[in-house]
Ligand code: AMP
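Numbering (this note's numbering), first residue to last: 2 to 143.
Have a look at this one:
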C-alpha cells in the first residue's frame, strides 16, 4: 500500500506553525487538534522543522521558560519527509529505525499531508483484515 492511499482515507490536513511562534501557541494547537506533532513552515509554506510533544518535554527539563520559548529553539530542524508514492512498510521501517512517530508528506516541494505511526498501523491492519476476508471467501468460510 502507498502513502497516498493512507492520505486518501485520513485526509490531507496538516496543522502547521511558524518558527517565530511560541511553545505556548504550539501546546494550544496540539491540544485543540488532539495531535502529537506540528510541522514548522516558513512564510512560503515550506517545511523547515517538526515539533513533537517529545521536543517540548526535552526542552522543559532544561528550561523554566518553556512556554515563552520560540518554536525555532525547540523544534527538530532536520525533517525526514516522505512522498505519496512511498510504500507504507518502508515508511514504518524508517519510523521504527529512526525512533519517531510522524512523517510529513511532500509532493513536488509542497506539504500534502502527515502520517503518524498510528495512521500507518491502522491502515496496515485494515489491509490485513481485507486480505483475510478475501481468503476466507475463497475457501468457502466467508
Ligand atoms: P515523535 O516520536 O514523532 O513524537 O518524535 C520524536 C523526536 O523525533 C522529536 O525530537 C521530533 O521532533 C523528531 N521527529 C519526529 N518526526 C520527525 C521527522 N519526520 N523527521 C525528523 N525528526 C522527526
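Glycine is no exception: its CB is placed at the ideal position from the N, C-alpha and C atoms.
Assigned with DSSP and collapsed to three states, residue 103 falls in strand. Contact check for residue 104 and residue 83: beta-carbon distance about 5 angstroms, within the 8 angstroms limit, so the pair qualifies. The three-state reading of DSSP puts residue 4 in helix, counting H, G and I together. The residue among 17, 55, 94, 109 with its C-alpha nearest the C-alpha of residue 44 is 17. Between residue 76 and residue 50, the C-beta spacing is below 8 angstroms. Out of 99, 88, 28, 109, the CA that lies nearest to the CA of residue 61 is found in 28.
Secondary structure at residue 108: strand, using DSSP grouped into helix, strand and coil.
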